[in-house]
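Number of protein chains: 2
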Amino acid sequence: MPAPRTYEDLRSLIARRHLELSDRLRRIAEFAVQHPNDMALKTVAGLANSIGVQPSSIIRFANGFGYDGFSEMQQVFRSRLVAEATPSYRERIASMHGAQARSKGNGSAGGEPAAVLSQFVADDIGALEELHDRTGERELTKAVALLAQSKAIHLLGQGRSFPVAFYLHYALSRLDLRAFLVDSLAGTAARQARMASREDVVIAISFKDYSPDVVTAVEEVVARKVPVIAITDSPLSPLAAGAKVCFEIAERRDRPFRSLVAPMCLAESLVVSLGHSLTARNS
Amino acid sequence: MPAPRTYEDLRSLIARRHLELSDRLRRIAEFAVQHPNDMALKTVAGLANSIGVQPSSIIRFANGFGYDGFSEMQQVFRSRLVAEATPSYRERIASMHGAQARSKGNGSAGGEPAAVLSQFVADDIGALEELHDRTGERELTKAVALLAQSKAIHLLGQGRSFPVAFYLHYALSRLDLRAFLVDSLAGTAARQARMASREDVVIAISFKDYSPDVVTAVEEVVARKVPVIAITDSPLSPLAAGAKVCFEIAERRDRPFRSLVAPMCLAESLVVSLGHSLTARNS
DNA sequence: CTCGTCTTGGAATTATTATTCTATTGTTTT
DNA sequence: AAAACAATAGAATAATAATTCCAAGACGAG
Numbered sequence: 002m003p004a005p006r007t008y009e010d011l012r013s014l015i016a017r018r019h020l021e022l023s024d025r026l027r028r029i030a031e032f033a034v035q036h037p038n039d040m041a042l043k044t045v046a047g048l049a050n051s052i053g054v055q056p057s058s059i060i061r062f063a064n065g066f067g068y069d070g071f072s073e074m075q076q077v078f079r080s081r082l083v084a085e086a087t088p089s090y091r092e093r094i095a096s097m098h099g100a101q102a103r104s105k106g107n108g109s110a111g112g113e114p115a116a117v118l119s120q121f122v123a124d125d126i127g128a129l130e131e132l133h134d135r136t137g138e139r140e141l142t143k144a145v146a147l148l149a150q151s152k153a154i155h156l157l158g159q160g161r162s163f164p165v166a167f168y169l170h171y172a173l174s175r176l177d178l179r180a181f182l183v184d185s186l187a188g189t190a191a192r193q194a195r196m197a198s199r200e201d202v203v204i205a206i207s208f209k210d211y212s213p214d215v216v217t218a219v220e221e222v223v224a225r226k227v228p229v230i231a232i233t234d235s236p237l238s239p240l241a242a243g244a245k246v247c248f249e250i251a252e253r254r255d256r257p258f259r260s261l262v263a264p265m266c267l268a269e270s271l272v273v274s275l276g277h278s279l280t281a282r283n284s
Numbered sequence: 002m003p004a005p006r007t008y009e010d011l012r013s014l015i016a017r018r019h020l021e022l023s024d025r026l027r028r029i030a031e032f033a034v035q036h037p038n039d040m041a042l043k044t045v046a047g048l049a050n051s052i053g054v055q056p057s058s059i060i061r062f063a064n065g066f067g068y069d070g071f072s073e074m075q076q077v078f079r080s081r082l083v084a085e086a087t088p089s090y091r092e093r094i095a096s097m098h099g100a101q102a103r104s105k106g107n108g109s110a111g112g113e114p115a116a117v118l119s120q121f122v123a124d125d126i127g128a129l130e131e132l133h134d135r136t137g138e139r140e141l142t143k144a145v146a147l148l149a150q151s152k153a154i155h156l157l158g159q160g161r162s163f164p165v166a167f168y169l170h171y172a173l174s175r176l177d178l179r180a181f182l183v184d185s186l187a188g189t190a191a192r193q194a195r196m197a198s199r200e201d202v203v204i205a206i207s208f209k210d211y212s213p214d215v216v217t218a219v220e221e222v223v224a225r226k227v228p229v230i231a232i233t234d235s236p237l238s239p240l241a242a243g244a245k246v247c248f249e250i251a252e253r254r255d256r257p258f259r260s261l262v263a264p265m266c267l268a269e270s271l272v273v274s275l276g277h278s279l280t281a282r283n284s
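Keeping their order, the protein sequence lines are chains A and B. For reference, each letter of the first sequence is one residue, going 2 to 284 in the numbering used here. For reference, each letter of the second sequence is one residue, going 2 to 284 in the numbering used here.
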């Protein structure tokens, strides 16, 4: 009988066998299902102390469930802590297109276009979930409040990020807000950004490697105390430094290709929230 | 200066000081904010290996932020893991999926910014799933083949769809393909589209109400037998009529607000598939 | 160019932690 | 009641991991 490799499996195996376990092992079993966090992080000695058994008993427990040693079993408890929010989507999608399975190994999408699409859909769903998890209400509320009371909104984004800036400009204009798109068409971004006053707001979007134009422009407006809302990929980003609000959109480590889906979704949400906030004020 | 005791504090301290850090320490700082899970669970040697620095540098990093040693700092990262595993976190995730279910009923997002974001995330996930389900392998393969053998690619999209067109232009250019963005800056779209020849491909993106400029331009190039790939919302769309390939991105009836997430995801998939196809051909 | 300062690499050392082993205890069987 | 068996405690040992230390390298200032 092979040792369980996932937390769920281990948990149910413990549940199934805990009756036939000896006294000490049962105490460990009960503790394990009740305090999986401790099982994941504490040392053998620490656990032995908490449970009230000898360290060797814990080793025997691990051996009893098929593991080479405690450390091996602990990995299973640790995997629970870092478990991806929803492997369900990935699996569901993988099962639909068999080609998907192949691409899992090398980390990059395989050759078939349908497999590529499956991969992107799955990754983008993951990115959206991460956006949801990691974006605090505080930032959203603050950003909307800033935007609502601003005299004008300047959109700053170049290269890959430009579509987001453009979208925001388009949508904000349709809300009858004064929105300016810094497109670097006529002159540099820095020069255009000089239009922004302290009563305005600048929304800057940039991911690494950060567009130097955008970074420079942000530094300039921050120096003039113009409020900045940053949409970027890390709190270490040069945009984050002087920003009043910083939205962080984590990129998935295993994917070389960066998706615009999450930033777009955030942009849409901001626009609609702002719309609600303005409507509420006018009524 | 006391060392931060919570993950949030540590993270913001790292963000604040990362500029003044030395080369190696900054690399560690970047890794730390990007891979907090690894920081929580791996060993010094393992991290050193992942980051590409010496173990001693990691100790110095911990000392630099006021900790007695690495282990003490690691506790802070671990505290974050157990915080996320608390029931409330899982409830938040569950509530999001609940929001998706609810949205089918009333269709409009609530007032709070966080609720709006949840709504958008849920709806966009739904849109991506629908994209995945409704997009056939045939269309994808045909589109990629068309693009691969084209002499040039013209991107056509205005208003809300322009970000998608721009993105495609940006990404295709980076593949060293001849990509032309019909931006209507100098002259009408129709005039610019006249550049397209029968050996080119036009990718037209438009959703209702269909931008007249784009519709006209598409009709013109179709009449000249230029192959068109349409990304639109209905097979009845004016873009679909003469298109060689038509990607249909369904609108959710009950949702007043249109999201760009699904078209963006499709665009990204097309670009990457095309990239693969070109690489395969060159080898 | 040279000195002084700060940073880094890497082996040596110390510490912590897991694991093993054996004596002991308790329990059941005859 | 004694023998056999199973389970456990606890010290001893092996392993893994963290930390220290010093030499070498990089960078600036004078």
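Backbone N, C-alpha and C define an ideal beta-carbon position, used for all residues, glycine too. Please read all numbers here as calculations on a predicted model, not as lab measurements.
Against chain B, the CB of Leu82 (chain A) has a partner CB under 7 Å away; the residue lies at that interface. Under the Cβ criterion (8 Å, minimum of three pairs), the stretch 206–219 of chain B counts as touching the stretch 230–242 of chain B.
Of the residues assessed, Ala224 (chain A) falls on the exposed side of the cut-off, its CB having fewer than 16 other CB atoms within 10 angstroms. Contact between the stretch 50–57 of chain B and the stretch 253–268 of chain A is absent: fewer than 3 CB-CB pairs across the two stretches fall below 8 Å.
For Leu141 (chain B), the enclosing alpha helix (DSSP H) has its first and last residue at 138–149. In its chain, beyond the 5 residues on either side, Val34 have a beta carbon closer than 7 Å to the beta carbon of Arg12 (chain A). Sequence-ordered contacts of the stretch 141–164 of chain A with chain B read Leu141, Thr142, Val145, Gly160, Arg161, Phe163, Pro164 [C-beta pairs closer than 7 Å].
Counting along the chain, the unbroken alpha helix (DSSP H) around Glu9 (chain B) starts and ends at 8–18. Annotated as proximal: Pro114 (chain B) and Ser274 (chain A), with beta-carbon spacing under 7 Å. For Thr280 (chain B), the uninterrupted alpha helix (DSSP H) segment begins and ends at 262–283. Boundaries of the alpha helix (DSSP H) around Gly127 (chain A): 114–135.
Proximity of Ser72 (chain A) to chain B, defined by a Cβ-Cβ separation below 7 Å, is not satisfied.
For a Cβ distance threshold of 8 Å, residue set Pro164, Ser260, Leu261, Val262, Met265 of chain B lies close to Met265 (chain A), ordered along the chain. The continuous beta strand (DSSP E) containing Ile206 (chain B) extends over residues 202–206. The DSSP-derived three-state label of Phe62 (chain B) is helix.
Bounds of the alpha helix (DSSP H) holding Gly47 (chain B) are 45–52. Taking C-alpha positions only, Leu271 (chain A) is separated from Glu138 (chain A) by approximately 12 Å. Cβ neighbours of Met74 (chain A) within its own chain (closer than 6 Å, five residues either side excluded): Ala63, Tyr68.
Proximity of chain B to Leu132 (chain A) at the Cβ level (cut-off 7 Å) is accounted for by Val122, in chain order. In the structure shown, Leu82 (chain B) falls within a helical segment according to DSSP collapsed to helix, strand and coil. Taking a contact to require three or more Cβ pairs closer than 8 Å, the stretch 120–127 of chain B and the stretch 142–150 of chain A do not qualify as touching. CA-CA distance, Leu186 (chain B) to Thr142 (chain A), rounds to 36 Å. Judged by DSSP in its simplified three-state form, Val246 (chain B) adopts strand. In the DSSP assignment, Ala190 (chain B) falls within the unbroken alpha helix (DSSP H) covering 190–194.
Shown here, Gly160 (chain A) sits in a helix according to DSSP, grouped into three states. Closest in C-alpha terms to Ala46 (chain B), from the list B:Asn38, B:Ile59, B:His36, comes B:Ile59.
Partner residues in the beta bridge of Ile232 (chain A), as assigned by DSSP, are A:Ile206, A:Phe248. Taking 7 Å as the cut-off, the Cβ atoms of Asn38 (chain B) and Val83 (chain A) count as close.
In terms of CA proximity to Ser278 (chain A), A:Ala146 leads the group A:Arg18, A:Ala146, A:Ser57, A:Pro213. Using beta-carbon distances, Tyr8 (chain B) does not count as an interface residue toward chain A, since no partner is under 7 Å.
For Asp125 (chain A), the chain B residues whose C-beta falls within less than 7 Å of its own C-beta are Leu129, Cys266, listed in chain order. Between the alpha carbons of Asp184 (chain B) and Ser80 (chain A) lies a gap of roughly 49 Å.
In terms of Cα proximity to Ile230 (chain A), the closest of A:Ala251, A:Asp210, A:Val203 is A:Val203. When C-beta distances to chain A are compared with 7 Å, every residue of the stretch 223–252 of chain B stays at or above that value.
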